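Chains A and B, in that order, give the protein sequences. Per this note's numbering, residue 384 is the first one in the first sequence, and the count goes up by one each step. Per this note's numbering, residue 397 is the first one in the second sequence, and the count goes up by one each step. For glycine and all other residues, C-beta sits at the position ideal for the given N, C-alpha and C. What you are looking at is a predicted structure, and each value in this text was computed from that prediction instead of being measured. Notes follow the structure.
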Amino acid sequence: MQLRPDIQIQSVLKAMNDVVLPALDPKNPLAQEQARLCMGMLSVMAGQLPLQFRFDCDELTRLLGLSNRLQQLDEVGRLAPQAIASLRQDTERAADVLARARAEPSEVLAAVRALRAATSKVVRAACEKGEASETQGLERAVLSASKEQLLRDRSWVLGQGWEADPKAIAPIESLIAHVSAKE
Amino acid sequence: MARIHNLDVGGTDMSAFDFPQPGTQCALWGVNHWERVWEEDHDEDAPMIRLAAAWLRRHLPVLERPCIVHADFRVGNFLFNEKDNRISAWLDWELGRIGDPHQDLAYTTSAAFGSHDIDGSFLVNGLMSEEEFFAAYERASGHRIDRKTLHWYKVFNAFFICVLTLSTGYRIARNGKTHQDVLVTWLIGIGYMLMDNMRELIEQGDEMKPPLSLHSLPPEGAPVPFGRPGGH
């Protein structure tokens with residue numbers, strides 16, 4: 384998927400800076416201020432987004448450390464027995480989540496791009512060398528996999544309004560739900 | 397379109413253009429050109445693009461009638477005289493080439509540039525049915541349309557528009573090259589529907605029935621690929 388927040392934010396900022404901001408009424412200070420705040424917020428987002436997942440995992444790691452420390456303190460157990468029992472349950476759930484959050488989003492994306500490139504290379508090489516009768520299986524596999532992926536791609540950009548019949552495209556949440564489902 | 401296609405390319409100074417040899421060279425040049433663009437511009441490869449390039453090379457049509465191809469021939473790319481409502485000029489020739497008239501015919505009848513009437517029937521550029529359009533072209537040009545070649549050029553057009561939106565558009569915006577980067581980025585989104593359309597066309601093989609999924613324009617107000625009426 385090429386339409387990602389990094390290029391989206393970059394192009395919005397460029398449009399704001401090069402076209403929209405110079406056209407704003409200089410006598411409207413509220414509009415001037417809020418346009419600059421919008422751009423500032425987007426710049427901050429552009430810097431934060433690639434680190435967001437790591438930031439959250441880091442915080443969760445340290446919260447688990449604090450939680451374990453609190454559970455070991457006798458006086459806390461005596462003073463807040465119900466709350467510490469609840470904390471124990473939440474800690475178990477959080478530890479399970481952290482254990483499953485192994486790879487960073489950037490690693491997943493890099494792996495996606497590497498596999499896209501490698502499979503594309505196979506398609507090109509096989510089709511260049513082989514006769515049509517020899518590559519029928521490959522063609523069927525690529526067409527089938529592309530159909531599945533392109534459905535998700537189309538659903539991902541549904542909000543842009545390209546589809547003639549948007550209801551015919553399943554919501555992206557349902558199409559990718561299996562990824563976060565626990566085994 | 398028929399008048400442009402019927403111009404004598406041999407009798408005009410078209411020395412800046414490459415003239416394809418009789419046979420399949422014209423079609424092959426087109427595939428090679430756009431796959432090369434993909435090669436240079438893409439950031440994220442797509443097996444479907446590679447498969448489409450291979451499919452196009454395996455089914456290259458023979459060029460029967462070299463002519464001037466506009467390659468972006470649609471409503472919105474012409475000027476007209478308000479006094480008599482006659483077209484006075486065609487714009488946006490940057491994709492123009494000496495090629496096969498079926499390229500323009502396939503492009504103009506693309507679902508991306510048409511709309512539906514109240515009965516839900518598809519209208520070429522919002523004007524007339526595809527059958528009426530092709531019949532009018534055949535009458536005006538004196539040439540028959542080859543449906544198999546037309547189908548090949550529908551796949552080819554989908555292929556090159558996918559390359560433009562998903563690789564060149566991305567590269568332009570990524571490198572901050574234009575005053576329209578936000579529009580180019582927005583247009584990346586349509587590339588996936590176009591690629592799915594291309595996949596359907598390839599799966600149809602030689603069948604001529606167009607896929608249903610691309611039978612209308614984006615909603616009113618949404619940007620349309622390759623400029624809109626009034627220019628870029």
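Thinking C-alpha only, which one of the options is nearest residue i?
i         : options                                       : result
A/Met-422 : A/Lys-397, A/Ala-553 and A/Arg-437            : A/Lys-397
A/Ser-529 : B/Pro-443, B/Leu-546, B/Ser-537 and B/Arg-470 : B/Pro-443
B/Glu-431 : A/Pro-554, A/Arg-437 and A/Arg-507            : A/Arg-507
B/Trp-425 : B/Leu-447, B/Gly-495, B/Phe-476 and B/Asp-488 : B/Gly-495
A/Leu-526 : A/Ser-503, A/Met-384, A/Ser-538 and A/Arg-461 : A/Ser-503
B/Pro-418 : B/Asp-439, B/Val-458 and B/Asp-437            : B/Val-458
A/Glu-546 : B/Gly-585, B/Asp-480 and B/Arg-543            : B/Gly-585
B/His-547 : B/His-429, B/Glu-435 and B/Glu-599            : B/Glu-599
B/Glu-435 : B/Ala-449, B/Ala-423 and B/Cys-422            : B/Ala-449
A/Ser-563 : A/Ala-418, A/Ala-484 and A/Val-427            : A/Ala-484
B/Arg-399 : B/Ala-485, B/Gly-587 and B/Ala-423            : B/Ala-485
A/Ala-486 : A/Glu-475, A/Arg-437 and A/Asp-473            : A/Arg-437
Name the chain B residues whose beta carbon is nearer than 7 Å to that of residue i?
i         : result
A/Val-402 : His-575
A/Asp-536 : Tyr-588
A/Glu-556 : Simply none; closest approach about 18 Å.
Give the secondary structure of residue i by DSSP, where H, G and I count as helix, E and B as strand, and everything else as coil.
i         : result
B/His-429 : helix
B/Gly-626 : Low confidence applies here, because B/Gly-626 scores a pLDDT of 31, under 50, leaving its location unreliable; read the following figure in that light. Correct three-state label for B/Gly-626: coil.
B/Arg-493 : strand
B/Tyr-566 : helix
A/Asp-561 : According to the sequence shown, residue 561 of chain A is His rather than Asp. The answer is helix: DSSP assigns A/His-561 an H, G or I state.
A/Ser-374 : Residue 374 of chain A cannot be examined here, being either before or after the span of chain A that is shown, 384 to 566.
A/Ile-552 : coil
B/Val-551 : helix
A/Ser-469 : helix
B/Asn-477 : strand
B/Met-594 : helix
A/Val-459 : helix
B/Trp-451 : helix
B/Ile-483 : strand
B/Val-471 : coil
A/Met-384 : coil
A/Ile-390 : helix
For residue i, which residues in chain B fall below 8 Å Cβ to Cβ?
i         : result
A/Leu-386 : Thr-581, Ile-584 and Gly-585
A/Gln-431 : Going along chain B, no residue has its Cβ under 8 Å from A/Gln-431, so there is no contact; the nearest lies around 20 Å.
Please confirm whether any heavy atom of the ligand ZN lies closer than 6 Å to the CB of residue i.
i         : result
B/Asp-500 : By its list of ligands, the structure shown contains no ligand whatsoever, and the ligand ZN lies outside what it can speak to.
Since residue i meets chain A, which of its residues come closer than 9 Å, beta carbon to beta carbon?
i         : result
B/Ser-441 : A small fix is needed here, since residue 441 of chain B is Asp in this sequence, not Ser. Chain A residues near B/Asp-441: Arg-496, Arg-499, Ala-500, Ala-501, Thr-502, Ser-503 and Lys-504.
List, in chain order, every chain A residue whose beta-carbon is nearer than 8 Å to that of residue i.
i         : result
B/Glu-436 : Residues of chain A passing the Cβ test: none, with the nearest at roughly 15 Å.
B/Ala-536 : Simply none; closest approach about 30 Å.
B/Ile-598 : Leu-526
B/Arg-595 : Leu-526, Ser-529, Lys-530 and Leu-533
Are the C-beta of residue i and some C-beta of chain E separated by less than 7 Å?
i         : result
A/Ala-553 : Checking the listed chains, one finds no chain E in this structure; the protein chains it contains are A and B.
| query | Got a sec: which bits of the region 504-523 of chain A sit with their beta carbon under 7 Å from any beta carbon on chain B, in order along the chain? | reply | Under the 7 Å Cβ criterion, the region 504-523 of chain A contributes Val-506, Arg-507, Cys-510, Ala-515 and Glu-522.
| Selection of the region 463-496 of chain A by Cβ proximity to chain B, strictly under 7 Å | Taking 7 Å as the Cβ-Cβ cut-off against chain B, the residues of the region 463-496 of chain A that qualify are Arg-496.
| query | Counting Cβ pairs closer than 8 Å, one from the region 457-467 of chain A and one from the region 401-418 of chain B, do we hit at least three? | reply | Between the region 457-467 of chain A and the region 401-418 of chain B, the count of Cβ pairs shorter than 8 Å is below three; the stretches do not touch.
| Mind listing which residues of the region 582-593 of chain B have their C-beta closer than 8 Å to chain A's C-betas, in chain order? | So the list reads Trp-582, Ile-584, Gly-585, Ile-586, Gly-587, Tyr-588, Met-589, Met-591 and Asp-592, given in the order they occur along the chain.
| Residues of the region 549-578 of chain B with Cβ closer than 7 Å to any Cβ of chain A, in chain order | Result list: Leu-562, Tyr-566, Ala-569, Arg-570, Gly-572, His-575, Asp-577 and Val-578.
| said: Along the region 499-516 of chain B, where does the CB come closer than 7 Å to a CB of chain A? Name the residues. | reply: From the region 499-516 of chain B, no residue has a Cβ closer than 7 Å to chain A.
| Quick check: the region 493-508 of chain B against the region 547-564 of chain B, are there 3 or more CB pairs under 8 Å? | Contact between the region 493-508 of chain B and the region 547-564 of chain B is present, because at least three Cβ pairs lie under 8 Å.
| request: For the region 459-473 of chain B, enumerate the residues whose C-beta is nearer than 8 Å to any C-beta of chain A, in chain order. | output: From the region 459-473 of chain B, no residue has a Cβ closer than 8 Å to chain A.
| field | Given 8 Å, three or more beta-carbon pairs between the region 440-459 of chain B and the region 532-540 of chain B | value | For the pair of segments examined, the region 440-459 of chain B was found not to touch the region 532-540 of chain B: the number of CB pairs separated by less than 8 Å stays below three.
| query | For the region 476-491 of chain B, which residues have a CB atom closer than 8 Å to at least one CB atom of chain A, in sequence order? | reply | The residues in question: there are none.
| message | Using a Cβ distance threshold of 8 Å, determine whether the region 543-556 of chain A contacts the region 458-475 of chain B, with at least three qualifying pairs required. | response | No contact exists between the region 543-556 of chain A and the region 458-475 of chain B.
| What residues from the region 442-453 of chain B come within 9 Å of chain A, judged by C-beta to C-beta, listed N to C? | Listed by position along the chain: Ala-442, Pro-443, Met-444, Ile-445, Arg-446, Leu-447, Ala-449, Ala-450, Trp-451 and Arg-453.
| said: Does the contact criterion of 3 or more C-beta pairs under 8 Å hold for the region 562-571 of chain B versus the region 592-602 of chain B? | reply: With the cut-off at 8 Å, the region 562-571 of chain B and the region 592-602 of chain B do not touch.
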